[in-house]
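Line by line, the protein sequences are chains S and F.
When you line the first sequence up against the working numbering, it's residues 8 to 290, in that order.
When you line the second sequence up against the working numbering, it's residues 8 to 290, in that order.
Protein chains: 2
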Amino acid sequence: MTDNTYTPPAVWQWNPGNGGKFANINRPTAGATHEQALPTGEHALQLYSLATPNGQKVTILLEELLEAGVADAEYDAWLANILEGDQFSSGFVAANPNSKIPALMDHSTNPPQRVFESGSILMYLAEKFDRFVPTTAAGRTECFNWLFWQMGSAPFLGGGFGHFYAYAPEKYEYPINRFTMEVKRQLDVLDQHLATNQWICGDDYSIADMAIWPWYGGLVLGRLYNAAEFLDVSSYTHVVRWAKAMDARPAVKRGVRVNKIWGDDAPHMAERHSAADFDQSDD
Amino acid sequence: MTDNTYTPPAVWQWNPGNGGKFANINRPTAGATHEQALPTGEHALQLYSLATPNGQKVTILLEELLEAGVADAEYDAWLANILEGDQFSSGFVAANPNSKIPALMDHSTNPPQRVFESGSILMYLAEKFDRFVPTTAAGRTECFNWLFWQMGSAPFLGGGFGHFYAYAPEKYEYPINRFTMEVKRQLDVLDQHLATNQWICGDDYSIADMAIWPWYGGLVLGRLYNAAEFLDVSSYTHVVRWAKAMDARPAVKRGVRVNKIWGDDAPHMAERHSAADFDQSDD
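#1: Decide if Q199 of chain S is buried, meaning its Cβ has at least 16 other Cβ atoms within 10 Å, or exposed.
#2: Give the residues of chain S in contact with H200 of chain F, contact being defined as C-beta atoms less than 8 Å apart.
#3: Using a Cβ-Cβ cut-off of 8 Å, state whether P162 of chain S counts as contacting chain F.
#4: Pairs of beta-carbons, one from the region 32-42 of chain S and one from the region 223-243 of chain S, closer than 8 Å: are there three or more?
#5: Can you tell me whether A252 of chain S is helix, strand or coil according to DSSP?
#6: Would you kindly work out how many angstroms separate the C-alpha atoms of F168 of chain S and S125 of chain S, rounded to a whole number?
#7: Note down, in chain order, all residues in the region 107-125 of chain F with a beta-carbon under 9 Å from any beta-carbon belonging to chain S.
#8: Using the three-state DSSP reduction, which class does W335 of chain F fall into: helix, strand or coil?
#9: What would DSSP say about A87 of chain S, mapped onto helix, strand or coil?
#10: What did DSSP end up calling L164 of chain F once you bin it into helix, strand or coil?
#11: Just the Cα atoms here: how many angstroms apart are A58 of chain S and K267 of chain S?
#12: Residues in the region 181-213 of chain S with C-beta within 9 Å of chain F's C-beta atoms, listed in sequence order?
#13: Give the list of continuous alpha helix (DSSP H) stretches no shorter than 4 residues that lie fully inside the region 111-135 of chain F.
#14: Taking any Cβ of chain F, which residues in the region 130-162 of chain S have a Cβ under 7 Å from it, in chain order?
#15: Measure from the C-beta of T244 of chain F to each C-beta in chain S and report whether the shortest distance is under 8 Å.
#16: Rounding to the nearest angstrom, what Cα-Cα distance links D216 of chain S and G224 of chain S in this structure?
#17: Tell me the rounded alpha-carbon separation between G98 of chain S and P162 of chain F.
#18: Could you pull the start and end residues of the beta strand (DSSP E) that Y55 of chain S belongs to?
#19: For V292 of chain F, is the classification buried or exposed, using 16 other Cβ atoms within 10 angstroms of its Cβ as the cut-off for buried?
#20: Using the Cβ count rule (16 or more neighbours within 10 Å means buried), how would you classify E49 of chain S?
#21: Quick one: residues in its chain with C-beta nearer than 6 Å to the C-beta of N103 of chain F, no 5 flanking neighbours on either side, listed in chain order?
#22: Report the start-end ranges of each alpha helix (DSSP H) in the region 161-225 of chain F that is 4 residues or longer and not cut off at the edges.
#23: Could you pull out every residue in the same chain whose Cβ sits closer than 7 Å to the Cβ of M158 of chain S, ignoring the five residues on either side in sequence?
#24: Can you tell me whether DSSP reads H275 of chain F as helix, strand or coil?
#25: Tell me where the alpha helix (DSSP H) around I67 of chain S begins and ends.
#26: Count Cβ pairs between the region 253-263 of chain S and the region 62-73 of chain S that sit closer than 8 Å; are there 3 or more?
#27: Buried or exposed: F29 of chain S, going by 16 or more other Cβ atoms within 10 Å of its Cβ?
#28: Please report the distance separating the alpha-carbon of A101 of chain F from that of T148 of chain S.
#29: Starting from the C-beta of V77 of chain F, find all residues in its chain whose C-beta is less than 8 Å away, skip the five residues before and the five after it, and write them out in chain order.
#30: Ignore the nearest five residues each way along the sequence and tell me which others in E71 of chain S's own chain have a CB closer than 6 Å to its CB.
#31: From P23 of chain S to D271 of chain F, what does the alpha carbon distance come to, in whole angstroms?
#32: Cβ atoms of V190 of chain F and L154 of chain F: under 8 Å apart, would you say?
#33: Using beta-carbon positions only, say whether L73 of chain S and D113 of chain S come within less than 8 Å of one another.
#34: Looking at the C-beta of Y13 of chain F, does it have a partner C-beta in chain S at a distance below 8 Å?
#35: Count the other CB atoms, across all protein chains shown, that sit within 10 Å of the CB of L197 of chain F; report buried if there are 16 or more and exposed otherwise.
#36: Evaluate contact between the region 179-195 of chain S and the region 173-181 of chain F, counting only Cβ atoms and requiring at least three cross-stretch pairs below 8 Å.
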């Protein structure tokens, strides 16, 4: 028994505080905390997001659609600053009752369509514009296998490994070991798969790549949690090859900058309303 | 600082052991550990699974399809005993490189189609038979919003809360508090949503219900982790109403029994090859 072992009470009670970095945005209840409508711009697609890995998935897809000439994919990206509680406004909760970024409103329908969960948004936009999902039945199924794999796997990376390795108030050995083992297993799943596949779904660059890259690509490129050495990411050579190939795409370079308000690797870009905004930040 | 706080090494090293219940099936690498082909029965759909919540999602859908008269949904369900390492056979890894249950092979195509990740299997079967996804564009989008919500949320319930509350070798206070808060928030998301919706996607019973029920329905019905009192599940009255309604469905009653090899609430049923098997276990 260690000091950290305890006997749980019969009924759990919330004790705010001591939740590590970002603790102030976590709570045990759902719903809106304040009345505030969402802003709306001129395009049909209105995105409310932040440049975390889950946010980047969607902005990468939107920029890839525009790069491919799909003019109707023009969008307004509004900052949802989760550190300021934007995700708990009545407007945001109506768009996403789960109060997580990203959330999308499509005003091309009446009433406007809400789309939440990054995987659901990727699927929605890919089907709306008929791009970035393989066209064969077999290719489509394999693409969604991996899209769902990302959705079920990344919580162990972000909510598990990342939290306990980088954000928790102390370094707890047991959770770090547990989640490190799982993340390394996931990296090995990808590495073995990418050893014989150019992209996640074979020859076709797809929304599965766009879903997986911000998390696992970010990890092997040393951009998440300062954990590259700890996880020995250079040993996953096929993941590194794939991550660098995607990192070189112009649409990816743009997508990762949208709704980004930290770091000094590129100008900040709190909002994005047209292609010209990429030349005009810092805002 | 507690005894449990430590300084992570520069490069993580695997130290097998002390991972709590189920530690023997966790490892930091992927791929097959032994050559073993998957068994194949007479039906087109060959399922390799276990009656955990993720497994139950798929057997519930298959039984609902059969209940609805979709004869082509007949299936063989083979036991993939994850405690015995079945998920690391060469056959299983070919069906699911992630080595998790459930995995589906559809032999109606040539070559047979692999489908992995429970959410992907639900989507595949619902689209194959054109059932249990709302037919309107808005209804379909909302259904997939919640299906993806389940995929991204349940790891905090199963891999987070369940592990640290029920399976870890010691009761660690910080992780238990972290994951309990998130699970209660998720239950409240569902409770507020179900306050004004009969089913997850409104009037239509769908694969979103089937995905969410084995986890969150199981929790409020007191069937997971012996945590009903700890989580005060009876306070989520709308989730309880919905969970009981689903629990009463004949197809659900059958679905939860398939590939179940523990508990004494119903006869065991390691495999399922026809409707008659429900009358003939214990096997």
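Idealized CB from N, CA, C, for every residue including glycine.
Straight from the coordinates:
#1: As a first step, residue 199 of chain S is located in the first sequence; it is residue number 192 there, counting from the start. Buried, because 16 or more other Cβ atoms sit within 10 Å of the Cβ of Q199 of chain S.
#2: One-based indexing of the second sequence puts residue 200 of chain F at position 193. Residues of chain S passing the Cβ test: P104.
#3: Walking along the first sequence from the start, residue 162 of chain S turns up at place 155. Cβ-Cβ to chain F under 8 Å: yes for P162 of chain S.
#4: Touching, no, given that fewer than three Cβ pairs across the two stretches are closer than 8 Å.
#5: The sequence position of residue 252 of chain S within the first sequence is 245, counting from 1. A252 of chain S sits in a helix when the DSSP states are folded into three classes.
#6: Here residue 168 of chain S is taken as the residue at index 161 of the first sequence, counted from 1. Here residue 125 of chain S is taken as the residue at index 118 of the first sequence, counted from 1. Straight through space, the alpha carbons of S125 of chain S and F168 of chain S are spaced by roughly 20 Å.
#7: Listed by position, the residues of the region 107-125 of chain F near chain S (Cβ gap below 9 Å) are K107, D113, T116, P118, Q120, R121, V122, F123, E124 and S125.
#8: Residue 335 of chain F is absent from the model: chain F starts at 8 and stops at 290.
#9: For the purposes of this step, residue 87 of chain S is identified with residue 80 of the first sequence, where counting begins at 1. The answer is coil: DSSP assigns A87 of chain S none of H, G, I, E or B.
#10: Within the second sequence, residue 164 of chain F is the residue found at index 157, counting from 1. In the three-state reduction of the DSSP assignment, L164 of chain F falls in the helix class.
#11: By 1-based counting over the first sequence, the position of residue 58 of chain S is 51. By 1-based counting over the first sequence, the position of residue 267 of chain S is 260. Those two C-alpha atoms are separated by around 5 Å.
#12: Against chain F - using a Cβ distance shorter than 9 Å - the residues of the region 181-213 of chain S are Y181, P182, I183, N184, R185, F186, T187, M188, E189, V190, K191, R192, Q193, L194, D195, V196, L197, D198, Q199 and H200.
#13: Listed in chain order, there is nothing to give.
#14: Residues passing the 7 Å Cβ filter: M130, Y131, A145, T148, F151, N152, F155, W156, M158, G159 and P162.
#15: Within the second sequence, the letter at position 237 stands for residue 244 of chain F. By this cut-off, T244 of chain F is not an interface position.
#16: Reading the first sequence from its first residue, position 209 is the one you call residue 216 of chain S. Reading the first sequence from its first residue, position 217 is the one you call residue 224 of chain S. C-alpha of D216 of chain S to C-alpha of G224 of chain S: approximately 9 Å in a straight line.
#17: Counting from 1 along the first sequence, the entry for residue 98 of chain S is found at position 91. Counting from 1 along the second sequence, the entry for residue 162 of chain F is found at position 155. Rounded to the nearest angstrom, the two C-alpha atoms are 27 Å apart.
#18: The residue given as residue 55 of chain S occupies position 48 in the first sequence. Y55 of chain S -> beta strand (DSSP E) spans L52 to S56.
#19: Nothing can be reported for residue 292 of chain F: it is not among the residues displayed for chain F, which extend from 8 to 290.
#20: For the purposes of this step, residue 49 of chain S is taken as residue 42 along the first sequence, with counting starting at 1. Exposed, since its Cβ has fewer than 16 Cβ neighbours within 10 Å.
#21: Translated into positions along the second sequence, residue 103 of chain F becomes position 96. So the qualifying residues of the chain are A110 and F123.
#22: Segments of the alpha helix (DSSP H) lying fully in the region 161-225 of chain F: 180-201 and 214-219.
#23: Here residue 158 of chain S refers to the residue found at position 151 when the first sequence is read from its first residue. Setting aside the 5 residues that flank it on each side, M158 of chain S is surrounded in the same chain by G126, each with a C-beta closer than 7 Å to its C-beta; the list follows chain order.
#24: Along the second sequence, one-based indexing puts residue 275 of chain F at 268. Residue state, collapsed to three classes: coil.
#25: As a working mapping, residue 67 of chain S is identified with position 60 in the first sequence. Looking at the DSSP string, the run of the alpha helix (DSSP H) that includes I67 of chain S is P60 to E74.
#26: Cβ pair count under 8 Å is three or more, so yes.
#27: Residue 29 of chain S sits at position 22 when you count from the first residue of the first sequence. With fewer than 16 Cβ atoms within 10 Å of its Cβ, F29 of chain S is classed as exposed.
#28: Taking the second sequence and counting its residues from 1, the one referred to as residue 101 of chain F is at position 94. Taking the first sequence and counting its residues from 1, the one referred to as residue 148 of chain S is at position 141. Answer to the nearest angstrom: the Cα atoms are 15 Å apart.
#29: Within the second sequence, the letter at position 70 stands for residue 77 of chain F. Counting only Cβ-Cβ distances below 8 Å, and skipping sequence neighbours, we find F136 and R138.
#30: To locate residue 71 of chain S, count along the first sequence from 1; it is residue 64. These residues qualify, in order along the chain: A258.
#31: On the first sequence, position 16 is the one that residue 23 of chain S refers to. On the second sequence, position 264 is the one that residue 271 of chain F refers to. For P23 of chain S and D271 of chain F, the distance between alpha carbons rounds to 40 Å.
#32: For the purposes of this step, residue 154 of chain F is taken as the residue at position 147 of the second sequence. For the purposes of this step, residue 190 of chain F is taken as the residue at position 183 of the second sequence. In this structure, L154 of chain F keeps its C-beta atom at 8 Å or more from the C-beta atom of V190 of chain F.
#33: The residue labelled residue 73 of chain S in the question sits at position 66 within the first sequence. The residue labelled residue 113 of chain S in the question sits at position 106 within the first sequence. Not a contact, by the Cβ cut-off of 8 Å.
#34: Here residue 13 of chain F refers to the residue found at position 6 when the second sequence is read from its first residue. Output row for Y13 of chain F: interface = yes.
#35: Against the second sequence, residue 197 of chain F aligns to sequence position 190. Buried: at least 16 other Cβ atoms inside 10 Å.
#36: Short answer: they touch.
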